[in-house]
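Residue numbers for the sequence shown follow this note's numbering, beginning at 1 and rising by one.
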Amino acid sequence: MPQTDILLIGVDGGATEVKAHAAACADFDRLTDLALRPETAARVYPRRPDFSPRPVPEQLAERDAGPLRLPAAEQEQGALWIAAAVETVVEVARAAGARRVLVGVGMPGLKTPDGRGIHVINNGPRMPDYLAQLERGLAAAGLELAAPIAALGSDADYCGLGEEYAADGLFRDVSSAYYMGGGTGIADALKLQGALVPLDQTKAWLLKAWQIPSALGATFEKLVSASALNRVWAGLCGHADDTAAARRFPEVAARNGHPAAATWLDTAALVLAELIHERLATIYGGRAAAPHRGEAYAQLAVDHPYRGLVLDRVIIGQRIGLLYADPQYHALFAARLDRHLAALLADGPDPALARAYLGENEELRPGLVVASRLRAAPALGAAVAALRARREQPAGKP
């Protein structure tokens, strides 16, 4: 049933900024007609100069050793992240004239056992009491939660939820698809045989993009996330952060005729095609022998429950999706990605895989690779998760 007195808000907590979006839903119980409302807010996280993230292996070791004892600088950096999230939710609620809110939050990183905090995170502070601090901040600002925030979700999984439940989501009308969202990092999401499959459930046979080395050595996330695209280009040319856009962004420089930028963009398209090919090949034929992908990859199970499955669609989302869809960069990026993916399929060891995804003249099957229309897919997915958690509460709870 509609809930006209409750404002639904999804929070997308990335590694560089946090964004909150109001969402409309015609029926909170059936999750129908989910769409963005106009109210939105974003904050770039302030950075303390004395804070540096611990390497992930150290974070894992400290997590496993017992209760976390965070340095003061890390605690204060975490408080800045949470305060930024509070500000975005409050701004959205005030813009909508709402006091009672239902909030879902997606964040990167490995969550605490209760799901309400973050124990391990790449490029950020650990925040084991994230939701407790967030809820206190919202209450102090005068907002009332229509239901407790049950848990922090995966920003990657929430991309999949957004694509599945939003009115114009690209998971909705297919049975099986892979979503790759390229922003600060890479978000992977899967829909297989009609059901969303979180990658935490596939870890025995499929790794996440941030875990897999590409053929160039670095992980896919360190090469073809949107931030990596710019970071590698800046490293090649020695650009400062305040360099004019015509030189700072490789796609703009390539369009303006810079040969090195065009080469890097073509390389990035090839690496992204390699990632997509790895997904298509692993789902269809099982984990391949690929020594360059490292020991963790070699330990994956070769077999899995979905072998033989052909995907209906590959979705590229977030900032890399915008680049793929932009007609002014089509020849420089999208066309090259399509061509590289077709070549990897055609030249691969499995003719059946090539037949499944290639059409005439060894070109990609029409409509196989598409750009997401949901820039706010993670926030919409967070809103869906909040609705699901509320629906699953025991009777009699608020």
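We put the CB at the ideal spot given by N, CA and C, even for glycine.
Same chain, Cβ closer than 7 Å to residue 271, neighbours up to 5 away in sequence not counted = Contacts found: 214, 216, 220, 223, 224.
DSSP state of residue 292 mapped onto helix, strand, coil | Three-state result, residue 292: helix.
Spatial distance of residue 34 from residue 289 (CA atoms) | If you take the alpha carbons of residue 34 and residue 289, they lie about 42 Å apart.
Nearest neighbour of residue 205, chosen from 172, 78, 227, 279 [CA to CA] | Closest by C-alpha distance to residue 205, out of 172, 78, 227, 279, is 279.
Residue 60 and residue 105 closer than 7 Å at C-beta | It is not a contact, given that the beta carbons lie outside the stated cut-off.
Can you give the Cα-Cα distance for residue 30 and residue 384, rounded to whole angstroms?
-> Their backbone Cα atoms lie some 11 Å apart in a straight line.
Check whether the Cβ of residue 197 sits closer than 6 Å to any heavy atom of the ligand SAM, and report yes or no.
-> With respect to the ligand SAM, the structure offers nothing, as it holds no ligand at all.
According to DSSP, residues forming a beta bridge with residue 313 | DSSP lists 177 as partners of residue 313.
In the structure shown, what three-state DSSP assignment does residue 381 receive?
-> DSSP places residue 381 in the helix class (H, G or I) of the three-state scheme.
Which of helix, strand or coil DSSP assigns to residue 219 = Note: residue 219 maps to strand in three-state DSSP.
Could you spell out the range, first to last residue, of the alpha helix (DSSP H) harbouring residue 347?
-> Bounds of the alpha helix (DSSP H) holding residue 347 are 335–347.
Can you check DSSP and say which residues form a bridge with residue 153?
-> In the DSSP secondary-structure assignment, residue 153 is bridged to 106.
Could you pull the start and end residues of the alpha helix (DSSP H) that residue 272 belongs to?
-> It spans 259–285 - the alpha helix (DSSP H) in which residue 272 sits, taken as one unbroken run.
Residue 96 vs residue 7 beta-carbon contact at 7 Å | Closer than 7 Å, so yes.
Which residue comes first and which comes last in the alpha helix (DSSP H) that contains residue 78?
-> Bounds of the alpha helix (DSSP H) holding residue 78 are 72–96.
How would you call residue 362, buried or exposed, if buried means at least 16 neighbouring beta carbons within 10 angstroms?
-> Exposed: under 16 other Cβ atoms inside 10 Å.
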